[in-house]
Amino acid sequence: MDQAHIRNFSIIAHIDHGKSTLADRILEVTDTVSGREMREQVLDSMDLERERGITIKAQAVRVQWKGHQLNLIDTPGHVDFTYEVSRSLQACEGALLVVDAAQGIEAQTLANAYLALENELEIVPVVNKIDLPAADPDGAAGEVADLIGEDAERVLRISAKTGQGVEAVLDAIVERIPAPEGELDAPARALIFDSSYDQYRGVVAFVRVVDGRFRPRERLRAMAQGTRFEAEEIGFFSPTMRPQDGLAAGEVGYVITGLKDVSKLRVGDTLTAEARPAAEPLPGYKDVKPMVFAGLFPTDSDAYPELRDALERLKLNDAALSYEPENSQALGFGFRCGFLGLLHMEIVRERLEREFDLDLLVTAPNVAYRVTTVGNVEREVHSPADLPAEFERVDEPYIKASIIVPKEYVGAVMELNNDRRGRFDHLEYLSEQRVHLTYELPLAEIVLDYYDQLKSRTRGYASFDYDLSGFQEGNLVRVDVLVGGEPVDALSLIVHREGAYERGKALVERLKVEIPRQMFDVAIQAAIGSRVISRETVKARRKDVLSKCYGGDISRKRKLLEKQKAGKKRMKQVGAVEVPQEAFLAVLNLDAGKGR
Amino acid sequence: MSGLVRHLYVHLPFCAHRCGYCDFVTAVGREEQHGAYVDALLAELELERALLHPRLGTIFLGGGTPTFTALPELERLLAALPAAADEVTVEANPETVTPALAQALRLGGVTRISLGAQSFQPHLLATLERRAGPDAVRRAFHTLRGAAFDNISLDLLFGIPGESPSDLERDLAEALTLEPEHLSLYELEAKPRTRFTLRHGVELERQAEAMESHFETVVETLTGAGYRWYETANFCRTAELGGGRDLRARHNVALWLGRDYLGLGIGAVSTVAGLRWRNRPGLGAYLRTLARGEQPPRELEPLGEGERRWERVLLGLRLDEPLPLAGLESALDGRAVDRLEGLGLTRRSEGALTLTGRGRLLGDAVTAELLA
Chain U
60 MDQAHIRNFS IIAHIDHGKS TLADRILEVT DTVSGREMRE QVLDSMDLER
110 ERGITIKAQA VRVQWKGHQL NLIDTPGHVD FTYEVSRSLQ ACEGALLVVD
160 AAQGIEAQTL ANAYLALENE LEIVPVVNKI DLPAADPDGA AGEVADLIGE
210 DAERVLRISA KTGQGVEAVL DAIVERIPAP EGELDAPARA LIFDSSYDQY
260 RGVVAFVRVV DGRFRPRERL RAMAQGTRFE AEEIGFFSPT MRPQDGLAAG
310 EVGYVITGLK DVSKLRVGDT LTAEARPAAE PLPGYKDVKP MVFAGLFPTD
360 SDAYPELRDA LERLKLNDAA LSYEPENSQA LGFGFRCGFL GLLHMEIVRE
410 RLEREFDLDL LVTAPNVAYR VTTVGNVERE VHSPADLPAE FERVDEPYIK
460 ASIIVPKEYV GAVMELNNDR RGRFDHLEYL SEQRVHLTYE LPLAEIVLDY
510 YDQLKSRTRG YASFDYDLSG FQEGNLVRVD VLVGGEPVDA LSLIVHREGA
560 YERGKALVER LKVEIPRQMF DVAIQAAIGS RVISRETVKA RRKDVLSKCY
610 GGDISRKRKL LEKQKAGKKR MKQVGAVEVP QEAFLAVLNL DAGKGR
Chain F
3 MSGLVRHLYV HLPFCAHRCG YCDFVTAVGR EEQHGAYVDA LLAELELERA
53 LLHPRLGTIF LGGGTPTFTA LPELERLLAA LPAAADEVTV EANPETVTPA
103 LAQALRLGGV TRISLGAQSF QPHLLATLER RAGPDAVRRA FHTLRGAAFD
153 NISLDLLFGI PGESPSDLER DLAEALTLEP EHLSLYELEA KPRTRFTLRH
203 GVELERQAEA MESHFETVVE TLTGAGYRWY ETANFCRTAE LGGGRDLRAR
253 HNVALWLGRD YLGLGIGAVS TVAGLRWRNR PGLGAYLRTL ARGEQPPREL
303 EPLGEGERRW ERVLLGLRLD EPLPLAGLES ALDGRAVDRL EGLGLTRRSE
353 GALTLTGRGR LLGDAVTAEL LA
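Going down the list, the protein sequences come from chains U and F. All residue numbers for the first sequence refer to my numbering, where the first residue is 60 and numbers rise by one. All residue numbers for the second sequence refer to my numbering, where the first residue is 3 and numbers rise by one.
Written out as structure tokens, the structure reads:
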């Protein structure tokens, strides 16, 4: 199809503002899916194409509307994280920015809108859920219009649920979003914006063709990685896989590569044809650097190879995920994984457990630190245990936090941010009721429980998003924990010097509860270097024996012992001390109960 | 003939009343069935007689309340049982002990009585729903002495809900005043789902930590009074103070040393040549099958080599004598042996392993650690 009749767009929205419902309705209104097939939310439902034994989720669906080809590119399931959204946006010329008529704009709405503007996308503002009794379409439209500098009249008002206004949305896509402007005769170039893996057909790349034309059976090359392969099949989803004789400039679709090694094709790379290769790759994605790190250990140490395979698989369409083997003396073999943020960590963990059926122990997260050693060498530290005892300086990542709350909670939010070493930046009234606050905060202060605290102190009304704003020097120390005199690497913390005593004390007290009494006294100490700052003792058990054991009791007694032995296998040995795995998560719960 | 069983247990389930904390196989009352039950016991004995060594070492009549069994039936049973060279023990409840009973037991060849005193404190006995008061315990003891029983054991419980440290000290002192040859001290075990646990669970939970001191008090007091702590829960007069006699419960010592034993009666367990079986607890089925001359319903549990080694270790380590390690090496974790010795919980000497005093208080944990 002529590029003038193609429109590529995404839907961006704060969570629960109706992205999925609108996507469903678009498929329905354009007769792409029949009503019967609409039972499930098509784009989000992992709706699988099983006919050919293929298990690929559609990342982009093509629909027809009034003589135009519209490609709806899914922003991956979890919309919270800008980096995931940004990938999809690069394949589009425009975006629907959906705002709930009852909620108004939220922190993610802001983040998404800025992202779309940065990518020079045409934003089509949509206020959804106008049928709700609590809806304030004018108020919400006013907020969105202010945000993107658009006339409030141009904000579409719809109900994705009832279908009201959805046709107008499709018309607006055609009218307002520019057509792609690739060069049809130039050497072929396509951006890989997502990918998936099928055990029969290998890596499946989701692509946006920018220039030229791709055909099946052609030899292709991924320009950054240099991987070469033959395109086994090329096509698009509508909503199931439709093989085609090619994809041309401006179009969106899939390429079945047959590659069995997931690491051979990276999201963000550019595909070109071997026969007539392009000279320059497309601008890829900004290289995103992980800032939050945590250890992932299989609960069952035999599952280490499965964990490695699973991480490799996830890495395929998640370039931001990093992992390196880690051997903890307490937790055994696992991986130190790097994430962009907390939600990213949650998503990865959830996928590993659900999609790969792994039982994981995730250590308390920490941030990346830049350490200048005594010898004036700079290096990045991803694990508290790796921070040298002596150093010249440590820099820690900071964020610019963006928080939207009803005005009565401004005080509570300020108090929380002050507790977390935050620096006030800006306050702005979005409306009479709602305030937008920005703060500068050390990332380390939000990785544990900041979001929960924020929600609880604002009765759930605050919405929160953040951007990294660079590194700054911190007055930081490493607090080590010793159990029975043995340092436990997995429990080390890097904290601000002023809070070190309090954190150390809280951790030691927490561990005293978590570590069961043993056959000897167990000292639990928190120390900075060789200086012990807090100490507790788990007193030895004095009695552990069943008093009665006669002829009728022996089998029962033996079975009890067998069970006891099995229970010991789930304990981790620190020196002579048996520590339950849960104790390693003690750091996570430190602030529970504190700061109400 | 050494493969034959030398130790016989006979279960007499009848009781006047079921105490709340009890989880033994018992039957309340049923006086009309005592005769039939003894018939059944003797029928089971006949069925299994081929397993028994012609010269038994020990017999133990446990319950229930063996002495609640109608006296003529008890006498008939005792008369029909084979003789035992070392010991014939009968468990008795204080309120059942009369001069006539004592006399009958003597004549029936009983050499040792295990008297279920439980406590001397009226409020604790009431909590336990025991019928005998402290005076009944003393009276029973003197009655037995009067019938020339020179080997009497007292059972005491500690950790009774509401028991204070001084209650325990008083109990021990009163028991010692009677100068029994043997004492068994049991921590009250709250068995799940008994009405006792339902009623006292909260208090039992609360005092769990005090139990540690209670057990230490028991061991210190009794060893200080000239008793040998020969098994986790059992104490006997030392040979020096006991006229040179070995006053341990010989029947039970045999079990702890891993000897085979035959059990008769409902719920009774036998272990013979690597096979363990437990008679089902139902009284009706037991009586019916044996009346037909058939084996009563049983659950079988074959014991593999590994299981038998485990049991040798877990039982042997309850005793004060060293556990010979020959043949048990594969059951033990060598590094744990060293570690525990380092912690002062075990001692090794000439191919044998002994628990230290502290090690015995932690016996189950030590055993779990030692087993490979």
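Glycine included, C-beta positions come from ideal geometry on N, C-alpha and C.
The beta carbon of F/L249 is closer than 7 angstroms to those of N153, E183, H184, C238, R239 in its chain, skipping five residues each way along the sequence.
With respect to the 8 angstroms criterion, U/A423 and U/A353 are classified as neighbours on the basis of their beta carbons.
Going by DSSP, U/D484 is part of the beta strand (DSSP E) stretching over 482 to 488. Taking the beta carbon of F/T369 as reference, the chain U residues within 7 angstroms of it are L620, listed in sequence order. Short of 6 angstroms from the beta carbon of F/R114, and not among the five residues preceding or following it, lie these beta carbons of its own chain, in chain order: E89, T91, N153. Against chain U, a Cβ distance below 9 angstroms from F/F16 picks out nothing, because the smallest value is about 17 angstroms.
For the pair of segments examined, the segment 53 to 67 of chain F was found not to touch the segment 304 to 319 of chain F: the number of CB pairs separated by less than 8 angstroms stays below three.
Excluding the 5 residues flanking it on each side, F/T225 has same chain C-beta neighbours closer than 7 angstroms at W231, in chain order. For the set F/E343, F/G353, F/E352, F/A374, the Cα lying nearest the Cα of F/R362 is the one of F/E343.
Interface annotation, F/N153: not in contact with chain U, CB-CB separation never under 8 angstroms. Comparing alpha carbon positions, the residue from U/S254, U/S442, U/E240 closest to U/M60 is U/E240. In the three-state DSSP reduction, U/E385 falls in the strand class (E or B). F/Q120 and F/P163 have their C-alpha atoms roughly 13 angstroms apart. For F/T196, the secondary structure class from DSSP, reduced to helix, strand or coil, is coil. Rounded to the nearest angstrom, the gap between the Cα atoms of F/L158 and F/A328 is 36 angstroms. Judged by DSSP in its simplified three-state form, F/R341 adopts helix. Around the beta carbon of U/I74, fewer than 16 other beta carbons sit within 10 angstroms, so the residue counts as exposed. Leaving aside the five residues that flank F/V40 on each side, the residues in its chain whose CB is nearer than 7 angstroms to its CB run, in chain order, E75, R78, L79.
Excluding five sequence positions before and after U/I132, the CB atoms of its chain that fall closer than 6 angstroms to its own CB belong to S69, A119, S147, A150, C151, given in chain order. Here DSSP, grouped into helix, strand and coil, assigns F/G37 to helix. Taken through DSSP and simplified to helix, strand or coil, F/P324 comes out as coil.
With the criterion set as a beta carbon lying under 9 angstroms from some beta carbon of chain U, the members of the segment 261 to 276 of chain F are Y263, G265, G269, A270, V271, S272, T273, in sequence order. In terms of CA proximity to U/L318, U/S255 leads the group U/L527, U/E491, U/S255. At a beta-carbon threshold of 9 angstroms, the residues of chain U lying near F/L364 are M578, A599, R600, R601, K602, D603, V604, ordered along the chain. Residue state for U/S218 is assigned as strand, using DSSP reduced to three classes. Note on U/D418: under 16 other CB atoms within 10 angstroms of its CB, so exposed under the neighbour-count rule. Restricting attention to U/V494, U/K628, U/R410, U/D526, the CA atom closest to the CA of U/L500 is found in U/D526.
Residue pairing by DSSP places U/D478 opposite no residue, since no beta bridge is assigned to it. Using a Cβ-Cβ distance cut-off of 8 angstroms, the segment 261 to 275 of chain U and the segment 297 to 314 of chain U are in contact, since at least three pairs of beta carbons, one from each stretch, lie closer than that value. Under the DSSP assignment, F/I61 falls in the beta strand (DSSP E) whose first and last residues are 58 to 65.
The shortest CA-to-CA distance from U/Y259 to any of U/E177, U/A362, U/I315 is the one to U/I315. Taking one beta carbon from each stretch, the segment 344 to 358 of chain F and the segment 207 to 217 of chain F have fewer than 3 pairs nearer than 8 angstroms; the two do not touch.
For U/S254, the enclosing beta strand (DSSP E) stretches over residues 248 to 257. Bounds of any beta strand (DSSP E) do not take in F/F217; it lies within the alpha helix (DSSP H) bounded by 212 to 226. Interface with chain F (8 angstroms Cβ-Cβ cutoff): U/R615 is excluded. For U/K607, at least one C-beta of chain F is nearer than 8 angstroms to its own C-beta.
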